[in-house]
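Visitor: Its first residue numbered 1, the sequence shown is counted upward by one per residue in UniProt numbering.
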Amino acid sequence: AARRVAASFPRVPAARAESPTAPLPRRHGKDGGGAGGEERVLISEVAVRGKDGEPLERPELEEAAAGALRACRPNAALTVREVQEDVHRVVESGLFRSCMPVAVDTRDGIRLVFEVEPNQDFHGLVCEGANMLPSKFLDDSFRDRHGKIINIRHLDQVIKSINGWYQERGLTGMVSYAEILSGGILRLQVSEAEVNNINIRFLDRRTGEPTIGKTKPETILQQLTTKKGQAYNRAQVKRDVETILTMGIMEDVTIIPQPVGDSNKVDLVMNLVERKSGGFSAGGGISSGITNGPLSGLIGSFAYSQRNVFGRNKKLNLSLERGQIDSIFRLNYTDPWIDGDNKRTSRTVMVQVFSFSMISSQFDDSISCESCACAYDSFPCQNSRTPGTLIHGGEHPDHSPITIGRVTAGIEYSRPFRPKWSGTLGLIFQHAGARDDKGNPMIRDFYNSQLTAR
1 AARRVAASFP
11 RVPAARAESP
21 TAPLPRRHGK
31 DGGGAGGEER
41 VLISEVAVRG
51 KDGEPLERPE
61 LEEAAAGALR
71 ACRPNAALTV
81 REVQEDVHRV
91 VESGLFRSCM
101 PVAVDTRDGI
111 RLVFEVEPNQ
121 DFHGLVCEGA
131 NMLPSKFLDD
141 SFRDRHGKII
151 NIRHLDQVIK
161 SINGWYQERG
171 LTGMVSYAEI
181 LSGGILRLQV
191 SEAEVNNINI
201 RFLDRRTGEP
211 TIGKTKPETI
221 LQQLTTKKGQ
231 AYNRAQVKRD
241 VETILTMGIM
251 EDVTIIPQPV
261 GDSNKVDLVM
271 NLVERKSGGF
281 SAGGGISSGI
291 TNGPLSGLIG
301 SFAYSQRNVF
311 GRNKKLNLSL
321 ERGQIDSIFR
331 LNYTDPWIDG
341 DNKRTSRTVM
351 VQVFSFSMIS
361 SQFDDSISCE
371 SCACAYDSFP
381 CQNSRTPGTL
391 IHGGEHPDHS
401 PITIGRVTAG
411 IEYSRPFRPK
421 WSGTLGLIFQ
431 HAGARDDKGN
441 PMIRDFYNSQ
451 LTAR
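Here's what the structure looks like:
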């Protein structure tokens with residue numbers, strides 16, 4: 001007996017193509033035209049009947065079976081192999097569970113009867129395990145099949161389309177089992193790969209061996225859209241890899257799925273190679289300056305940056321620049337995802353302190369406002385009598401140093417609302433003023449006008 005089992009439909013009850021119950025009566029000797037010298041038998045009549053030998057209730061089924069026959073025709077000399085090939089063609093039409101050829105010797109010759117058993121009528125569908133597959137997809141696939149004979153060929157196409165739906169979306173899923181139940185109920189079992197666990201493993205950037213990482217595992221897991229219990233989605237995992245790389249603290253990221261026993265679950269192993277996250281820099285020099293004292297002409301700078309503070313992807317930048325007559329201190333701290341917030345809200349804190357010192361006698365009419373403004377645009381100095389500006393008249397009798405300072409501080413919150421859209425809310429505070437050599441605030445200039453810095 002020959003059996004047909006589709007690779008994509010492994011456990012559906014297979015249609016049977018059975019051999020004749022009795023050998024075909026011999027009417028001709030060996031015919032050189034037969035395949036391999038097989039004996040041929042002259043067939044006088046070919047008929048299609050039901051399993052009990054009675055005519056089929058549906059004429060269209062008889063026509064479908066007869067239309068599948070190629071070699072078996074009345075008044076044809078056939079070999080057993082040719083009969084078997086036609087039996088397979090009937091079964092492969094997808095409409096019949098079994099097909100058995102029966103040879104009957106009559107006074108008119110050999111009558112070849114194909115006894116077929118049709119499939120059941122389709123009356124319902126049960127699909128299990130398809131958590132990601134939309135029910136509408138299945139409804140559309142069987143919408144016009146209700147009450148009709150279950151066609152295995154159509155069922156093969158549906159199974160292929162289901163498997164293709166998963167592949168197109170990067171999901172790991174397929175139809176693993178199918179059967180036809182009594183009453184014409186079709187049962188499909190879909191196996192979807194489910195994420196069982198996500199394991200994080202840090203690798204040494206030189207040797208590639210496992211090591212202890214500085215980054216907290218929860219900081220990495222927080223960034224992932226792939227979660228435990230979800231269907232394994234290759235496209236989603238690829239996006240998660242790109243997200244981890246954009247954090248700026250990893251040199252290389254790979255995610256490897258590993259099957260868990262015989263189940264349809266997988267463990268995701270995330271291999272991380274950290275990059276150097278922080279460092280110092282400093283510089284200095286001597287310039288022919290305009291200041292006096294043991295450190296005159298000495299200039300320098302210092303900076304420190306850390307992109308992974310406390311192993312939580314927080315960013316910190318500190319810098320100090322010291323010149324002959326000015327100094328700037330900057331601090332910037334960013335938390336890209338505030339702990340405990342599920343909206344991916346970020347927070348940035350900024351502080352900047354600027355000071356500018358000069359002996360008052362140096363601000364005479366020969367030093368224009370533009371010369372100060374070019375170097376220190378935030379704190380322009382003008383020889384003007386207009387209230388609200390810094391006035392350093394050449395007639396000022398006091399030659400003591402004057403220090404102009406400004407402090408700027410701010411905090412900013414940002415949150416994404418949808419792809420390519422985000423909102424930002426911030427608050428900035430600024431304070432500026434001038435002090436004499438004793439540290440006392442200067443609120444009026446030589447002309448008794450209100451003194452401010454702009």
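The C-beta atom is built at its ideal place from N, Cα and C for all residues, glycine as well.
Given this structure, state the Cα-to-Cα distance separating Ala68 from Tyr177, to the nearest angstrom.
Guide: Counted from its first residue, the sequence shown places residue 68 at position 68. Counted from its first residue, the sequence shown places residue 177 at position 177. One C-alpha to the other measures close to 28 Å.
Visitor: Can you name the residues that DSSP bridges to Gly284?
Guide: As a working mapping, residue 284 is identified with position 284 in the sequence shown. Gly300, per the DSSP bridge assignment.
Visitor: For the alpha helix (DSSP H) that Asp240 lies in, which residues bound it at each end?
Guide: In the sequence shown, residue 240 corresponds to position 240, counting from 1. Where Asp240 is concerned, the enclosing alpha helix (DSSP H) stretches over Arg234 to Thr246.
Visitor: Count the other CB atoms within 10 Å of the CB of Leu224; is the residue buried (16 or more) or exposed (fewer)?
Guide: For the purposes of this step, residue 224 is taken as the residue at position 224 of the sequence shown. Buried, since its Cβ has 16 or more Cβ neighbours within 10 Å.
Visitor: Thr215 and Asn313: beta carbons closer than 9 Å?
Guide: One-based indexing of the sequence shown puts residue 215 at position 215. One-based indexing of the sequence shown puts residue 313 at position 313. In this structure, Asn313 lies closer than 9 Å to Thr215 by Cβ.
Visitor: Under three-state DSSP, which class holds Phe202?
Guide: Locating residue 202 in the sequence shown gives position 202, where the first residue counts as 1. The answer is strand: DSSP assigns Phe202 an E or B state.
Visitor: May I ask you to verify whether the region 54–62 touches the region 123–133, counting CB pairs closer than 8 Å and requiring at least 3?
Guide: Contact fails: fewer than three Cβ-Cβ distances are below 8 Å.
Visitor: Based on the DSSP output, what are the partners of Pro210 in its beta bridges?
Guide: Here the question's residue 210 lines up with position 210 in the sequence shown. Pro210 pairs with Leu203.
Visitor: Along the chain, where does the beta strand (DSSP E) that runs through Ile402 open and close?
Guide: Locating residue 402 in the sequence shown gives position 402, counting from the first residue. Run containing Ile402: Pro401 to Arg418, per the beta strand (DSSP E) assignment.
Visitor: Which residue spans inside the region 110–186 form an unbroken alpha helix (DSSP H) run of at least 4?
Guide: List check, alpha helix (DSSP H) in window: 135–141 and 152–168.
Visitor: What residue range is occupied by the uninterrupted beta strand (DSSP E) comprising Pro217?
Guide: For the purposes of this step, residue 217 is identified with residue 217 of the sequence shown, where counting begins at 1. From DSSP, Pro217 is part of no beta strand (DSSP E) but of the alpha helix (DSSP H) over Pro217 to Gln223.
Visitor: Measuring straight from C-alpha to C-alpha, what distance separates Arg444 and Gln450?
Guide: Numbered from 1 along the sequence shown, position 444 holds the residue referred to as residue 444. Numbered from 1 along the sequence shown, position 450 holds the residue referred to as residue 450. Going by the C-alpha atoms only, they are around 5 Å apart.
Visitor: Taking contact to mean 3 or more Cβ pairs, one atom from each stretch, closer than 8 Å, check whether the region 176–191 and the region 241–254 are in contact.
Guide: No contact exists between the region 176–191 and the region 241–254.
Visitor: In its own chain, which residues sit with a C-beta less than 6 Å from the C-beta of Leu181, not counting the 5 before and 5 after it?
Guide: Locating residue 181 in the sequence shown gives position 181, counting from the first residue. Counting only Cβ-Cβ distances below 6 Å, and skipping sequence neighbours, we find Arg187.
Visitor: Could you check the C-alpha separation between Ser368 and Leu427 for me, to the nearest Å?
Guide: In the sequence shown, residue 368 corresponds to position 368, counting from 1. In the sequence shown, residue 427 corresponds to position 427, counting from 1. Residue placement at Ser368 is flagged as unreliable, the pLDDT there being 42, under the threshold of 50; the coordinate-derived value follows with that caveat. Going from the Cα of Ser368 to the Cα of Leu427 covers about 35 Å.
Visitor: Please confirm whether Asn119 and Arg97 have their CB atoms less than 9 Å apart.
Guide: Within the sequence shown, the letter at position 119 stands for residue 119. Within the sequence shown, the letter at position 97 stands for residue 97. It is a contact, given that the beta carbons lie within the stated cut-off.
Visitor: Nearest to Gly439 by CA position, among Ser355, Trp337 and Val80, is which residue?
Guide: The residue given as residue 439 occupies position 439 in the sequence shown. Ranking the options by Cα distance to Gly439, first place goes to Ser355.
Visitor: Between Ile43, Ile286 and Asp86, which has its C-alpha nearest Val116's C-alpha?
Guide: Locating residue 116 in the sequence shown gives position 116, counting from the first residue. The shortest C-alpha separation from Val116 is found at Asp86.
Visitor: Is it a yes or a no for the region 157–166 touching the region 89–107, going by three-plus beta-carbon pairs under 8 Å?
Guide: Segments in contact, no.
Visitor: Give the C-beta separation of Val195 and Gly229 to the nearest angstrom, bearing in mind that I take them to be a contact with Cβ-Cβ under 8 Å.
Guide: Taking the sequence shown and counting its residues from 1, one reaches residue 195 at position 195. Taking the sequence shown and counting its residues from 1, one reaches residue 229 at position 229. Rounded, the Cβ-Cβ distance is 7 Å, consistent with contact.
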